[in-house]
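Notes follow the structure.
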Amino acid sequence: MNAAPFSPPPLARSRRDFLASSAGGLGALALASLLRDDGLLAAPSGFRAPHFAPKAKNCIYFFMEGGPSQMDLFDPKPKLNELDGQPLPPSVLEKAQFAFIKKEEARLMGSPRTFRKYGQCGMDLSDLLPHLSTCVDDIALVRSMHCDQFNHLPGQLLMLTGSPLRGWPTLGSWLNYGLGSESRDLPGYVVLTTLGRGLPGGAASWSSGFLPSNYGGSLFRSQGSPVLNLETPDRIPSGMQRRSVEAINDLNRIRQQRTGHDEIDARIRHYELAYRMQTAAPELIDLSGESAATLEAYGVERSERDSSDKNGFQSAFARNCLLARRLVERGTRFVTLFLSTWDQHSNLDSALATNTRISDQPVAALLKDLKERGLLDETLVVWGGEFGRTPLGENRPGFKTVTGRDHHPHSFSLWMAGGGIKGGQILGSTDEVGWGVAEDPVHVHDLHATILHLFGFDHESLTYRFQGRDFRLTDVHGHVVEKLLA
Amino acid sequence: MTRPSHGLALAIALLVGLFADAAASDHWHWAFQAPVRPEAPAAGHPIDAFIDARLAAEGIEPLPEADPATLLRRLHLDLVGLLPSPEEAEAFAAEHARDPQTAFADAVDRLLASPHFGERWGRHWLDLSRYADSDGYLGDTERAWAWRYRDWVVDAVNRDLPYDRFSIEQIAGDLLPDATVDQRIATGFHRNALRNTEAGVDLELARTQMVIDRVNAVATTWLALTLACAECHNHKHDPLKQEEFYRVYAFFNNLDDADPVAPFPEETAKYERDRAAWDSKAKEFESVLAGETETLAGRQREWEDRLGPLPAAAWTALVPDKAESGASDEMSISDDGAVSVKAKKSDPDTVTYTLEAPWPEGLGTIAGVRLEALGSPGEGRVAGVPAGRGKDGAFALSDLAMQLRASDGSTRSLPLAEPKESWAVDEETRRTHAKVFGLGETVSAEEGARLVLTLRHKEGGGTTLRRFRLSATASEPLPPTELPDAVLAALSVAPEGRSEAQLSEIAAHYRSIDPAWSALRLAFDEHLAKAPAKPASKIQAVAERRAERRGSYVHVRGDYMRRGDDVSPGVPAVLHPLRPRPRDGEDTEPDRLDLAHWLFDDANPLTARVAANQIWQHLFGDGLVATPDDFGTEGAPPTHPELLDWLATEFRRVGWSRKALIRLIVSSQAYRRSSALPAAAAAGLPDPTDNTLLWRQNRYRVEAETVRDLHLAASGLLSRKLGGKPVRPPLPGFVTEVGRSVGWPESKGEDRYRRGLYIFLKRTVMYPSLTAFDAPGTEVACARRDRTQSPMQALTLLNDPVFFECAEALGRELAQSHADDADAAIDEIFLRCLARLPEPAERDALRSACADFARSGDAELALVGAARVVMNLDEFITRE
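Sequence lines, in order, name chains Z and G.
Read the first sequence against my numbering and you will find it ends at 1947, with the numbers running on by one and no gaps.
Read the second sequence against my numbering and you will find it ends at 885, with the numbers running on by one and no gaps.
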């Protein structure tokens, strides 16, 4: 028989590991830097040191929920316009799968948009993106994105977490797990939403999945009290809150002396940080210090001037864009801005006009603002949805006329800027009707591998052990897209 | 390879024989060998014997027993997840001083018998069974009956259903002979899988994902095997082949949802009581109506006598072939031309019915139309139905318009003699009323002509016609309308020649217009409407598919569209063989019940160890195997292998009694040790945080639900109600509105203060104060919760309205009971929250803070503040 059926039990976790595991993470990551400041944490073994020198420090991710239509925004298809009303070639149609389109009667649908070339790089963009067209030399437009998910939630989860199933950590969680946060008094992963119909995944869209929960995103509101439970209860005067935290920490210190347990020290620090957050977060969303020119550039007050914007989305989204910059300035590692919905099964033309009216100006203003402040080099900006839309018009039963497009995972567009991205380029192309990828396909896993690379991580080595397996953002896939790197 | 010589071959054969065990596979691994009960190395408590022998060998002196207050609080937190009341603490201290052993044993017995024990230990199980109250994914539909599984778990734990039966019922309760409702509810374990119902989803993919989830949940929960790693390829580390994954998959591949009506016994009893009372009242009505029948016949005769000469029946029904409602109501047309409207719930202000009918056959001209509003009087126990949909069956027609559509499609309107004439009825609505609309001028038939009739209701409030019929006549002057055609026809037959049907037609009509009868009938109808509804409570269970069974096959690289080899149900070869139970006349392909029995086979090396380890983990914070979800080669080895095997065999020996095993563990000295660290120096340990060898108890933050429960318990707000539908404590809108399914109807009254276990687990909107304290995500079986710390936790404890309400409640109570004595109030807060009195330094610190708070001039607020401080202490949410 085997001589040693049991390897000797490891003499458990070291104090440092313990601290790292109890203190590591999200807002708590701020704590880690605090502990570092205080000499409590000599080497933060809770965080995975980057594998090589990172280009990007922060990421602002525009998640355009629903699937923006690439051939109406980013990928002009003259041939498609020419073939408007024709069926798809049988060779393509045979293998095609749709969420809602009735296959047999499906017809190609051209785009009414006009495209022009912009910038030194000559990138062609739709007339719906007049502001973004002034930033093209900073952005890398990927026209050859593809994935394998037809439906919103699986597609969104794939884009957000690398898996179409629930329960996996989001990109923002991975980066905070890998790098920690640089903010002393704000969370490292913040989520800002401009919601039309609500997010299919709800809070799964910023979940830490199987990573410890403190790597999850914090949902911020852009007005009022920005974070849940940030406001002191009405009955408590402000001086009393300060005094309460002092008393809590005094008593915790006494208990720490009695029991000798380090995690009480960590809790004391967390109360200090929480108290600071109570000041820092309202300061974050207070835009009174921003110049009139900045507010105007982002279009923070557009909704008041546009009576058609009944929900106030134009201003709300502009505010979120400005908050994203303020967060990044304050050391927040990852900001996701959700804008839903881009799911135009019908009324594509008018809805796209509405969506771009909401988003084009503030997104471009953010890019320019980051650049002017010297933040763009270290801030990766990503803009895209979970998939694209079909070159076919949607003829779903019950739709009287064809005015929209169905879900399309086989090819779609997405752009990136800053943070080590080589701007002023178009990567990849689609076939002449925009059905499939023709050149340089980039799968979602490749995108993730590339993003991790920009942050200094080898995507195959940034892992977390869960239920006996070392999981990674890219699962068992992914290749870094070298052409995107500056 | 060259053929060896005979001698060498013999030698090899001998060696192979000698090392057969080792050579049988490269996979010898402790956890795959059935546990053999070891002898305890010393007398006394067997657990202590194992642990102390190891400590002695390492030269480590264990810590002494914790003080009685800490011990009692620990027991309460571990066994019921609640705090001892100050009275319980006092009584325990007194008993403990007299006889520590008995005091402790009594407390354990009391807590194991508490219904809250099932809540606490049931919640541990719900982590494994990934329990939630909604589907997850896009729609995140509420699972209306999921909670019956949760209640089953709590109840099964409370009645100490032996772990083998507890498990078998969850895996295959539906396959047990004469499965009870409870046994079927238990199979709700499988229903906890996430479900993707997004429109346009690949349904077969969504189904296979659920099967895979079920395989993984069973493998994690009972075997601590990472079988999921073999979904796409052979397991990288453990001897599990991909084909074996799909053999286990085959056990679950023919499992269908089953949601039968299964009323609660009390619900059925109540229904039967209510039904009997209702029935007896109905009988009273029937007897009164029967009495009335006697005088009714006389009144009917008088009515017939008064009728006088009858007009000729002169109306021809218009039978529409098209009927539409502007309110998208469903309209149906019967052969006699009656149009029935099944209205949508919303009632727009204007509702227009448009009907198209061919020109009535046999009519050369039309001089007018008749609209009958068809009410039906009740008959027997069938309630009457009024003609209109408004209050008390009223309707209000604003106007009727007619058009003639010629065969070429051109239309022209046919003006009425009195245009825009309205018609409303709000009395005697359960009989038929009629109204005649004359045409301005008689219209003649044309080849292929059609009539288009428009009925407009502009009153709103649902005052539309429910059932009606249109007829036309050529007669002029227009015939009278008091009598429906069928009644008129019957009456026109001489009395002695009338058929049974004709007699009953006349009698029924008369009853509908007899005031006395109608009044009685209306009262009876109202009673009929109150008939108690049959109990409709359902369960969420599974059933084995018998017809059109699905075949199972390997999904190449995990892709169900890439069909690999067919597989039959089976278990991994590295484990003991599965022997299907004998079944008459059926093929002997093993089923889920066989799989469940296999888990509890004496030869199973994992089930008992895994379960004992789970229980140990909940009493020490860490398992003897630190990876409770992975007993494979990549998992942590047991720190005390002999003790684990002893516990595993003991669990089986005590008949799989969870309570017996818990009682055994908590009665050990190892469990009762102090968790404080300062004594570590004396123990001579190189690293005092290392407690692998269990020289002390562990100290750790309580679980998310317990954080809530402690607040509610200490404040006195806690509702101790057991079971039932999940509750929704208040949440701000911006938290609940991020998903697609946004409803969060706030619970009222006592339900606001239920234990964390009962909070609605909505997968797209997990309750934030639970998530902040590491409540599991419910996607997959969770065998070990994280224990993180974060500033969000501090913000939650400081500012969450629920927690603040708790501090307020306690502060308010103390302001009344200890108005003039801050020290007494502080002592009381400590007793209520920490089950101990403050040390002088603690009392000083809190008194000083309290004095500062009191400067606000609000004495109550000062005590609220003091309670809030203590409820924010690390110790409050820590099990020491």
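Each residue gets a CB set at the ideal place from its N, CA and C atoms; glycine is no exception.
Computed from a predicted model, the values in this text were never measured in an experiment.
Interface partners of residue i on chain G, CB under 9 Å
i: Ala1812/Z; result: By Cβ distance, chain G contributes nothing, its closest Cβ being about 18 Å from Ala1812/Z, past 9 Å.
i: Glu1921/Z; result: Result: empty, since nearest Cβ-Cβ is about 14 Å, beyond 9 Å.
From the options, residue whose alpha carbon lies closest to that of residue i
i: Asn1519/Z; options: Met1701/Z, Thr1797/Z, Leu1602/Z; result: Thr1797/Z
i: Asp713/G; options: Leu819/G, Leu868/G, Glu297/G, Tyr758/G; result: Inspection of the sequence shows that residue 713/G is occupied by Arg rather than by Asp. It is Tyr758/G.
i: Ser523/G; options: Ser449/G, Gly380/G, Val576/G, Arg567/G; result: Gly380/G
i: Lys425/G; options: Thr437/G, Arg435/G, Thr434/G, Gly445/G; result: Gly445/G
i: Ala675/G; options: Glu708/G, Gly626/G, Arg657/G, Ala719/G; result: Gly626/G
i: Asp1838/Z; options: Asn1542/Z, Asp1830/Z, Thr1851/Z; result: Asp1830/Z
i: His886/G; options: Ala867/G, Asn804/G, Gln794/G, Lys440/G; result: There is simply no residue 886/G to check, as chain G begins at 6 and stops at 885 in what is shown.
i: Arg1933/Z; options: Gly1917/Z, Leu1544/Z, His1909/Z; result: His1909/Z
i: Leu475/G; options: Thr468/G, His462/G, Leu456/G; result: Leu456/G
i: Asn1690/Z; options: Pro773/G, Arg848/G, Leu819/G, Asn703/G; result: Pro773/G
Reduced DSSP secondary structure (H/G/I, E/B, other) of residue i
i: Ala406/G; result: strand
i: Gly445/G; result: strand
i: Trp227/G; result: helix
i: Ala1510/Z; result: coil
i: Thr883/G; result: strand
i: Met566/G; result: coil
i: Arg417/G; result: strand
i: Arg948/G; result: No answer is possible for residue 948/G: it lies beyond the span of chain G, which begins at 6 and ends at 885.
i: Leu669/G; result: helix
i: Lys539/G; result: coil
i: Gln1886/Z; result: strand
i: Pro773/G; result: helix
i: Asp310/G; result: helix
i: Arg1930/Z; result: strand
i: His1914/Z; result: helix
i: Ala149/G; result: coil
i: Tyr136/G; result: coil
i: Gly1845/Z; result: strand
i: Ile1715/Z; result: helix
Cβ-Cβ distance between residue i and residue j below 7 Å
i: Lys664/G; j: Asp132/G; result: no
i: Ser2000/Z; j: Arg1866/Z; result: Lying before the first or after the last residue shown, residue 2000/Z is absent from chain Z, which here runs from 1462 to 1947.
i: Arg1658/Z; j: Thr1802/Z; result: yes
i: Val770/G; j: Ala812/G; result: no
i: Ala601/G; j: Ile173/G; result: yes
Interface partners of residue i on chain Z, CB under 9 Å
i: Cys234/G; result: Gln1928, Gly1929, Arg1930
Rounded separation between residue i and residue j - CA only
i: Thr273/G; j: Pro540/G; result: 6 Å
i: His1940/Z; j: Val1905/Z; result: 10 Å
i: Arg394/G; j: Phe400/G; result: 6 Å
i: Ser673/G; j: Gly49/G; result: 10 Å
i: Ala1947/Z; j: Arg792/G; result: 41 Å
i: Thr1631/Z; j: Gln1805/Z; result: 26 Å
i: Arg873/G; j: Lys726/G; result: 25 Å
i: Glu335/G; j: Asp262/G; result: 31 Å
Residue i: contacting residues in chain Z (beta-carbon distance under 7 Å)
i: Pro316/G; result: Near Pro316/G there are no residues of chain Z at all, since even the closest Cβ is about 50 Å away, more than 7 Å.
i: Val785/G; result: Gly1628
i: Asn877/G; result: Ile1709
i: Phe809/G; result: Pro1694
The ligand SAM heavy atom lying under 6 Å from the CB of residue i
i: Gln188/G; result: Looking for the ligand SAM in the displayed structure turns up nothing, as the structure carries no ligands at all.
Contact set between residue i and chain G, taken where Cβ atoms lie within less than 7 Å
i: Leu1589/Z; result: Here the premise fails: no neighbours, minimum Cβ distance about 26 Å.
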